[in-house]
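In this note's numbering, the protein residues as written are 1 to 206.
#1: Which residue from 166, 86, 194 and 150 puts its Cα closest to that of residue 120?
#2: Is the beta carbon of residue 124 less than 8 angstroms from the beta carbon of residue 87?
#3: How many Å lie between residue 43 and residue 104 at the Cα?
#4: Taking a contact to mean a Cβ-Cβ separation below 8 angstroms, would you say residue 185 touches residue 55 in this structure?
#5: Please report the distance separating the alpha-carbon of residue 162 from that of residue 190.
#6: Could you spell out where the alpha helix (DSSP H) holding residue 202 opens and where it closes?
#7: For residue 28, tell me which candidate among 143, 70, 188 and 181 has the shortest Cα-Cα distance.
#8: With 16 as the cutoff for other CB atoms within 10 Å, does residue 52 come out buried or exposed?
#9: The alpha helix (DSSP H) with residue 82 in it runs from where to where?
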């Protein structure tokens with residue numbers, strides 16, 4: 001018997017909620033499996049890849065098998081990619097703290113400049129994983145394209161920031177959601193917006 005109206009909407013959203021809970025559990029398990037140090041990046045890439053498939057309307061695949069496949073295939077590449085971003089973040093943080101120690105005009109200007117670069121860096125992190133799972137590039141090309149996206153799409157970048165903030169705020173206010181949606185809900189929101197942008201850019205390129 002086919003449901004309609006509000007019941008159909010309820011089934012639709014319940015289905016998505018269950019899928020996000022499941023992939024979130026896989027993400028946590030994959031992160032712990034690599035002791036977080038080597039597991040967090042391949043697990044995050046695998047989670048984004050699964051969500052990307054769902055957003056493309058693909059449901060006829062084993063979530064667990066596909067997650068494991070991406071996790072294993074991208075284990076080295078995702079760790080290299082993730083730690084490049086981590087090192088860049090550390091350098092920016094170190095520079096910002098260093099310049100803040102001085103009171104000269106040049107130090108003040110360098111502090112503000114580094115802070116602005118840091119804002120761009122944070123926005124780049126929101127695009128980093130969607131770009132990785134959507135395109136086939138080399139690690140440095142991923143980073144270059146991510147930076148270009150942020151600089152060329154400031155409005156979308158702000159929307160991405162909000163797409164990160166609202167799920168984060170929701171889970172802070174309702175801590176009981178954390179074990180079930182802490183990664184997947186944010187990944188879903190970011191991937192959904194990023195894919196709309198990617199599709200728009202690909203249509204323009206054609």
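Where is the CB? At the ideal position from N, CA and C, for every residue including glycine. Since the model is a prediction, treat every value here as computed from it, not as a measurement.
Let me lay it out:
#1: The residue you call residue 120 lines up with position 120 of the chain shown. Residue 120 has its Cα closest to that of 150, out of 166, 86, 194 and 150.
#2: By 1-based counting over the chain shown, the position of residue 124 is 124. By 1-based counting over the chain shown, the position of residue 87 is 87. No, Cβ-Cβ distance for residue 124 and residue 87 is not below 8 angstroms.
#3: Indexing the chain shown from 1 puts residue 43 at position 43. Indexing the chain shown from 1 puts residue 104 at position 104. Going by the C-alpha atoms only, they are around 45 angstroms apart.
#4: The count along the chain shown starts at 1 and reaches residue 185 at position 185. The count along the chain shown starts at 1 and reaches residue 55 at position 55. Going by C-beta atoms, residue 185 is not nearer than 8 angstroms to residue 55.
#5: By one-based count along the chain shown, residue 162 stands at place 162. By one-based count along the chain shown, residue 190 stands at place 190. C-alpha separation (whole angstroms): 9 angstroms.
#6: Here residue 202 is taken as the residue at index 202 of the chain shown, counted from 1. Run containing residue 202: 184-205, per the alpha helix (DSSP H) assignment.
#7: The count along the chain shown starts at 1 and reaches residue 28 at position 28. That would be 181, whose Cα lies nearest to the Cα of residue 28.
#8: Within the chain shown, the letter at position 52 stands for residue 52. The residue is buried, with at least 16 neighbouring Cβ atoms inside 10 Å.
#9: In the chain shown, residue 82 corresponds to position 82, counting from 1. Looking at the DSSP string, the run of the alpha helix (DSSP H) that includes residue 82 is 75-99.
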